[in-house]
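Chemist: Residue numbers (the working numbering), protein chains in the order written: chain E, 1 to 515; chain H, 1001 to 1099.
1. If we count the other Cβ atoms within 10 Å of its Cβ and call it buried at 16 or more, is residue 507 of chain E buried or exposed?
2. Restricting to Cα atoms, I'd like to know which of E:100, E:106, E:74, E:186 is closest to residue 410 of chain E.
3. Measuring straight from C-alpha to C-alpha, what distance separates residue 1045 of chain H and residue 304 of chain E?
4. Count the other CB atoms within 10 Å of the CB of residue 426 of chain E; is the residue buried (16 or more) or exposed (fewer)?
5. Should residue 1091 of chain H be flagged as near chain E, meaning a C-beta pair shorter than 9 Å?
6. Counting contacts by CB-CB distance shorter than 9 Å, is residue 1001 of chain H in contact with chain E?
7. Can you check whether the C-beta of residue 335 of chain E is within less than 9 Å of a C-beta belonging to chain H?
8. In three-state DSSP terms, what is residue 25 of chain E?
9. Chain H beta carbons: is any one of them nearer than 9 Å to that of residue 130 of chain E?
10. If the cut is a Cβ gap below 8 Å, which residues of chain E does residue 1042 of chain H touch?
11. On the three-state DSSP scale, how would you describe residue 122 of chain E?
12. For a cutoff of 9 Å on Cβ pairs, would you count residue 182 of chain E as touching chain H?
13. Using a Cβ-Cβ cut-off of 8 Å (strictly less than) and excluding sequence neighbours within five positions of residue 222 of chain E, which residues of its own chain qualify?
14. Helix, strand or coil for residue 224 of chain E per DSSP?
15. In this structure, how does DSSP classify residue 401 of chain E when only helix, strand and coil are distinguished?
16. What does the alpha-carbon distance come out to for the pair residue 212 of chain E and residue 104 of chain E?
17. Between H:1010, H:1011, H:1020, which lies nearest to residue 353 of chain E when the distance is taken from Cα to Cα?
18. If we call anything under 9 Å between Cβ atoms a contact, is residue 131 of chain E one with residue 115 of chain E?
19. Pick helix, strand or coil for residue 192 of chain E, following the three-state DSSP scheme.
20. Taking 9 Å as the threshold (C-beta atoms), are residue 171 of chain E and residue 117 of chain E in contact?
21. Please report how far the alpha carbon of residue 498 of chain E lies from the alpha carbon of residue 490 of chain E, in whole angstroms.
22. Note down, in chain order, each residue of its chain lying with its Cβ closer than 7 Å to the Cβ of residue 6 of chain E, except the 5 sequence neighbours on either side.
23. When you check each C-beta in the segment 3 to 19 of chain E against every C-beta of chain H, which residues fall closer than 8 Å?
24. Just to confirm the assignment, what range does the alpha helix (DSSP H) spanning residue 1031 of chain H have?
25. Flag residue 251 of chain E as yes when its Cβ comes closer than 8 Å to any non-hydrogen atom of the ligand GTP, and as no otherwise.
26. Chain E beta carbons: is any one of them nearer than 9 Å to that of residue 1054 of chain H?
27. If we call anything under 9 Å between Cβ atoms a contact, is residue 458 of chain E one with residue 481 of chain E?
28. Could you tell me the boundaries of the alpha helix (DSSP H) in which residue 346 of chain E lies?
29. What residues in its chain sit with their C-beta under 7 Å from that of residue 509 of chain E, if we drop five residues either side in the sequence?
30. Which residue's Cα is closest to the Cα of residue 314 of chain E: E:368, E:349, E:262?
31. Going by beta-carbon coordinates alone, are residue 12 of chain E and residue 24 of chain E separated by less than 9 Å?
32. What are the start and end residues of each continuous alpha helix (DSSP H) run of 4 or more residues lying completely inside the segment 15 to 79 of chain E, in chain order?
33. Listed from N- to C-terminal order along the chain, which residues in the segment 387 to 404 of chain E have their beta-carbon within a distance smaller than 7 Å of any beta-carbon of chain H?
34. Name the chain E residues whose beta carbon is nearer than 8 Å to that of residue 1083 of chain H?
35. Indicate whether residue 175 of chain E and residue 438 of chain E have their beta-carbon atoms separated by less than 9 Å.
36. Can you pull the chain E residues whose beta carbon is under 9 Å from the beta carbon of residue 1068 of chain H, in chain order?
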């Protein structure tokens, strides 16, 4: 039988529905995989000790003839930014160590209701601030393609979990690229939905005008299936859109089988020239565009003159909003408290926040406090909000000419752990391609485009669509994915090195056949 | 050059309720100086005629009926409290001696 952990969620779901595999078997297989490889990957902060019991319940209900959702019985990894009643939720921070939420995030509640089996909570940069998962208070996650390298961030744990076959599906959050950039460096798929398309209730807020929850998977269809489960209006999130959304899984299936690329207009941004990217990243991007062109797509150069101000605007808006959102960690109602001798509650608060927050969090809170302080507000925060308008206008102008915009998902492949940790500005510039979507609220997807010729590491291609047109990304992403996998002769992750103390035996292969 | 000084960083730490050590103040001063120099370029294009955007998707406020819904119990609200007594959060003195 095919190895359960290597199945896509869609294929696993089909086997579960057909009774070929039980949810208990699938869940145990993933827990065994976690036990075997997570010592070196460190994708998980917590593994759910009730996962098998949840799976048993699904199997029982299926046996009793209950109508279950398509993904019922499929295991799911959950980014630690999303609160859960049965597992601790820390958002990667010491200040929330051991925190047990009295309620589930809406996306978690919807996943449970759909029969998904929570496997555990995944590692992340503290409060989702970072592009490498090195800012986690609980130690870094390692990239399954090369354990000395970063898995991206902030959602490096979720991306590494699906790339290392520790989970078929994961939930992530994307404030400036935290789903898409980890997908890029781990050879996986990640989607940032339209702002308001997925509830943030129970997502520990970083920057409320930018945050969005979305799926992290190995295939475009799997992202669509998970998006269908978690998306839609939630009255508990005041920014939640009331739109009736189409099925994103249906869009992905249509894209994979249809003729979606024929006549599709794909915009390439003049202000993001190849010279701004690692040569292997630019080459992989161009090869993907050539393949789309061969399938009938038209590549159109467009201009987005204000994108170059995106990073600057983002690193004013995000710290400003974060400094406000993180004020709730005050040592009074939840989280850590550092006792001082004889101090006031304010002294206790200040000592707690110094001890409980990591360097990057303090850096951004101080920067945000500066940007919002009297005398600077108009020059910094006010100007950054105007840049948002200009970037939205760039998108509007571009989408009057093209159906989707394509960019490489990030400037470089996975860098080495520790390489950029002392240079925050260099770290911030990682986000140049992903940030504009968050500033404008439009949806984005990253899918693997191949391996960089210069270092053999994964590269992602990002597609952006107008707000509310998430389905278009699934159609186009699935169409290119199908063409690429066809050209490779199998999924990109088949080429990732083996993990674990003993490489798994590969049957029916000659010498040197083990991956 | 921006005007980030150690005194300013220390003051921002007070405003943000983070008791920064001297080492942290020194390190943050250098880092913030570089960052602020880079991000200050937003003002180059933020001319008076450009309207500011606070939220990416326009939303209008919606009222709902004022109905009693589910709320946390007192036990749930206090379950993560560092210290609690008599069904309330307990903290150290709110006012210092000079107040």
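Ideal placement from N, C-alpha and C gives every residue a C-beta, glycine not left out.
Modeler: Let's see:
1. What you label residue 507 of chain E is simply residue 507 of the first chain in a count that begins at 1. In this prediction, residue 507 of chain E scores a pLDDT of 47, lower than 50, which makes its location untrustworthy; no coordinate-derived value is stated.
2. Reading the first chain from its first residue, position 410 is the one you call residue 410 of chain E. Selected option, being the one with the closest Cα: E:186.
3. The residue labelled residue 1045 of chain H in the question sits at position 45 within the second chain. The residue labelled residue 304 of chain E in the question sits at position 304 within the first chain. Between residue 1045 of chain H and residue 304 of chain E, the alpha-carbon positions lie close to 14 Å from each other.
4. One-based indexing of the first chain puts residue 426 of chain E at position 426. That one is exposed.
5. Residue 1091 of chain H sits at position 91 when you count from the first residue of the second chain. Yes, residue 1091 of chain H lies at the interface with chain E (some Cβ there is under 9 Å from its Cβ).
6. Residue 1001 of chain H sits at position 1 when you count from the first residue of the second chain. Note on residue 1001 of chain H: pLDDT 49, under 50, position unreliable in the model; no value is reported.
7. Translated into the one-based positions of the first chain, residue 335 of chain E becomes position 335. By this cut-off, residue 335 of chain E is an interface position.
8. One-based indexing of the first chain puts residue 25 of chain E at position 25. Correct three-state label for residue 25 of chain E: helix.
9. Start at 1 with the first residue of the first chain, and residue 130 of chain E comes out as number 130. Contact of residue 130 of chain E with chain H is not assigned, every C-beta pair being separated by 9 Å or more.
10. Residue mapping note: residue 1042 of chain H aligns to position 42 of the second chain, counting from 1. Within chain E, the residues placing a beta-carbon under 8 Å from that of residue 1042 of chain H are 309, 312, 313, 316, 380, 383, 384, 386, 387, ordered along the chain.
11. The residue you call residue 122 of chain E lines up with position 122 of the first chain. Assignment of residue 122 of chain E by DSSP, reduced to helix, strand and coil, places it in the strand class.
12. To locate residue 182 of chain E, count along the first chain from 1; it is residue 182. No, residue 182 of chain E lies away from the interface with chain H (no Cβ there is under 9 Å from its Cβ).
13. To locate residue 222 of chain E, count along the first chain from 1; it is residue 222. Cβ neighbours of residue 222 of chain E beyond the five flanking positions: 8, 9, 10, 168, 169, 189, 215.
14. For the purposes of this step, residue 224 of chain E is identified with residue 224 of the first chain, where counting begins at 1. In the structure shown, residue 224 of chain E falls within a helical segment according to DSSP collapsed to helix, strand and coil.
15. In the first chain, residue 401 of chain E corresponds to position 401, counting from 1. Of the three classes helix, strand and coil, the one that applies to residue 401 of chain E here is coil, per DSSP.
16. Start at 1 with the first residue of the first chain, and residue 212 of chain E comes out as number 212. Start at 1 with the first residue of the first chain, and residue 104 of chain E comes out as number 104. The straight-line gap from Cα to Cα measures roughly 17 Å.
17. Reading the first chain from its first residue, position 353 is the one you call residue 353 of chain E. Residue 353 of chain E has its Cα closest to that of H:1020, out of H:1010, H:1011, H:1020.
18. Within the first chain, residue 131 of chain E is the residue found at index 131, counting from 1. Within the first chain, residue 115 of chain E is the residue found at index 115, counting from 1. The answer is no: Cβ separation not under 9 Å.
19. By one-based count along the first chain, residue 192 of chain E stands at place 192. Looking at residue 192 of chain E - three-state DSSP - the assignment turns out to be strand.
20. Within the first chain, residue 117 of chain E is the residue found at index 117, counting from 1. Within the first chain, residue 171 of chain E is the residue found at index 171, counting from 1. Not a contact, by the Cβ cut-off of 9 Å.
21. Here residue 498 of chain E is taken as the residue at index 498 of the first chain, counted from 1. Here residue 490 of chain E is taken as the residue at index 490 of the first chain, counted from 1. Taking the straight line from one Cα to the other gives about 16 Å.
22. Stepping through the first chain from its first residue, residue 6 of chain E is reached at position 6. Non-local beta-carbon contacts of residue 6 of chain E in its own chain, meaning distances under 7 Å to residues more than five positions away in sequence, involve 165 in chain order.
23. Cβ contacts with chain H come from no residue of the segment 3 to 19 of chain E.
24. Locating residue 1031 of chain H in the second chain gives position 31, where the first residue counts as 1. It spans 1022 to 1039 - the alpha helix (DSSP H) in which residue 1031 of chain H sits, taken as one unbroken run.
25. The ligand GTP is not part of the structure shown, which contains no ligands of any sort.
26. Here the question's residue 1054 of chain H lines up with position 54 in the second chain. Chain E, which has a Cβ nearer than 9 Å to the Cβ of residue 1054 of chain H, makes this yes.
27. Walking along the first chain from the start, residue 458 of chain E turns up at place 458. Walking along the first chain from the start, residue 481 of chain E turns up at place 481. Contact flag unset, no.
28. Counting from one through the first chain, the residue named residue 346 of chain E turns up at place 346. Note, residue 346 of chain E: alpha helix (DSSP H), 345 to 356.
29. Mapped onto the first chain, residue 509 of chain E falls at position 509. Here the model assigns residue 509 of chain E a pLDDT of 42, short of 50, so the residue's position is not dependable and the matter cannot be decided.
30. What you label residue 314 of chain E is simply residue 314 of the first chain in a count that begins at 1. Out of E:368, E:349, E:262, E:368 has the C-alpha closest to the C-alpha of residue 314 of chain E.
31. Indexing the first chain from 1 puts residue 12 of chain E at position 12. Indexing the first chain from 1 puts residue 24 of chain E at position 24. No, the pair does not count as a contact, with Cβ atoms beyond the cut-off.
32. Taking 4 residues as the shortest admissible run, the segment 15 to 79 of chain E contains the following complete alpha helix (DSSP H) segments, listed from N- to C-terminal end: 23 to 41, 51 to 63.
33. Shown in chain order are the members of the segment 387 to 404 of chain E whose Cβ falls below 7 Å from a Cβ of chain H: 387, 388, 389, 390, 392.
34. Numbered from 1 along the second chain, position 83 holds the residue referred to as residue 1083 of chain H. Here the neighbours are 337.
35. Stepping through the first chain from its first residue, residue 175 of chain E is reached at position 175. Stepping through the first chain from its first residue, residue 438 of chain E is reached at position 438. It is a contact, given that the beta carbons lie within the stated cut-off.
36. On the second chain, position 68 is the one that residue 1068 of chain H refers to. Per Cβ cutoff of 9 Å: no residues; residue 1068 of chain H is ~15 Å from chain E at best.
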